[in-house]
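Student:
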Amino acid sequence: MEEIREMFKQLQADVNDTKNSLREMESNITKNVNNNINEMVGNLQVKIQTLETENELQERRLDTIERTQRQRNLVMFGVEEKERGYSDLVNKILNILNDEMNVNCTLLEIQALRRIGRKGDKIRPIVISFTTLGRKIDVQKNWKSLQNTRYSIAEDYPPKVLEIRKTLYEQARTEKVKGNKVLIKYDKLIILQPNPEESRTQATRNTKRALSQTPPQTNPNNKTKERNGATQAQKKNKISSYWAHPTAQTAHSVHSAEDGNKRTGAGLQKQQQQ
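Taking my numbering, the leading residue of the sequence shown gets 12, the next gets one more, and so forth.
#1: Should Asn153 and Asn113 be called a contact, given that it needs their Cβ atoms to be closer than 8 Å?
#2: Drop a sphere of 10 angstroms on the beta-carbon of Val90, count the other beta-carbons inside from all chains shown, and report buried for 16 or more, exposed for fewer.
#3: Quick one: grab the DSSP three-state call for Gln82.
#4: Which residues share a DSSP beta bridge with Ala123?
#5: How far does the alpha helix (DSSP H) with Glu174 in it extend, from its first residue to its last?
#6: What residue range does the alpha helix (DSSP H) around Ser98 cover?
#7: Is it the case that the Cβ atoms of Tyr193 and Ile201 are separated by a distance below 8 Å?
#8: Select from Gly190, Leu173, Asn191 the residue whose C-alpha is nearest the C-alpha of Lys199.
#9: Quick check: what's the CA-CA separation for Ala24 versus Glu17?
#10: Beta strand (DSSP E) containing Val193: first to last residue?
#11: Indicate whether Asn84 and Val44 have their beta-carbon atoms separated by less than 8 Å.
#12: So what does Lys199 bridge to, in DSSP terms?
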């Protein structure tokens with residue numbers, strides 16, 4: 012009986028050891044799996060970040076290529092769609108450039124022409140590709156010559172840049188309301204700093220306007236009161252006017268001497284009358 016009990020105790024101890032071993036194995040397996048998963052996730056995050064960086068670089072390169080391709084382009088609006096073919100459209104554009112804009116442009120200086128979008132009720136604009144950037148700049152400089160006509164020209168921006176510029180126009184309006192000078196350059200809004208000389212001039216004008224006062228109206232019945240008030244004002248500002256304007260002291264002493272002479276003369280007249 013005792014042997015059976017001993018065997019049962021030994022068997023129970025073996026089962027407990029097996030359970031502990033299984034728990035340790037499970038814990039080790041879980042740790043290894045978690046470490047492997049963390050390592051895999053970390054590697055995937057690094058790869059994703061690398062791919063995102065490469066994707067941004069590719070987008071910048073594509074944007075640069077597209078901007079370079081559109082650099083010699085201009086978009087012309089208002090040209091009616093009555094051309095019978097490509098050569099007829101080229102002749103129309105050349106007539107507008109030479110006659111309306113006074114630009115000496117030849118057929119060899121136009122690389123390609125195409126209308127934007129599908130044909131419909133509205134007049135589609137035309138993209139003009141010049142062979143040289145200089146000729147495009149010459150045409151762009153004479154945009155004012157089209158002000159009194161039905162034609163107009165603009166830069167050839169990519170669709171993504173056009174969407175950005177729409178939002179920038181709204182921001183530019185708000186900045187103009189605040190009194191700031193703004194400039195939209197490609198896909199960026201530039202707030203120009205005010206000229207310091209203009210700011211000083213404006214501040215000086217505002218100060219002069221604030222200091223300017225309407226001259227007091229004279230009343231013939233109160234000449235004596237005005238003279239006494241003027242004399243008191245001069246006495247009050249005698250020291251400050253001396254240091255601010257030295258010539259003012261001389262003028263003040265002259266006026267004081269004249270007042271003294273007048274008073275002396277008045278006293279002599281009274282004595283003679285008595």
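Glycine is no exception: its CB is placed at the ideal position from the N, C-alpha and C atoms.
Tutor: So, from the listed chains and residues:
#1: yes
#2: buried
#3: Per DSSP, reduced to three states, the secondary structure at Gln82 is coil, with no helix or strand assignment.
#4: Ser140
#5: 170–188
#6: Run containing Ser98: 97–106, per the alpha helix (DSSP H) assignment.
#7: For the sequence presented, residue 193 should be read as Val rather than Tyr. A contact, by the Cβ cut-off of 8 Å.
#8: Leu173
#9: 11 Å
#10: DSSP places Val193 in the uninterrupted beta strand (DSSP E) bounded by 192–196.
#11: No, these two residues do not count as a Cβ contact at 8 Å.
#12: Lys196
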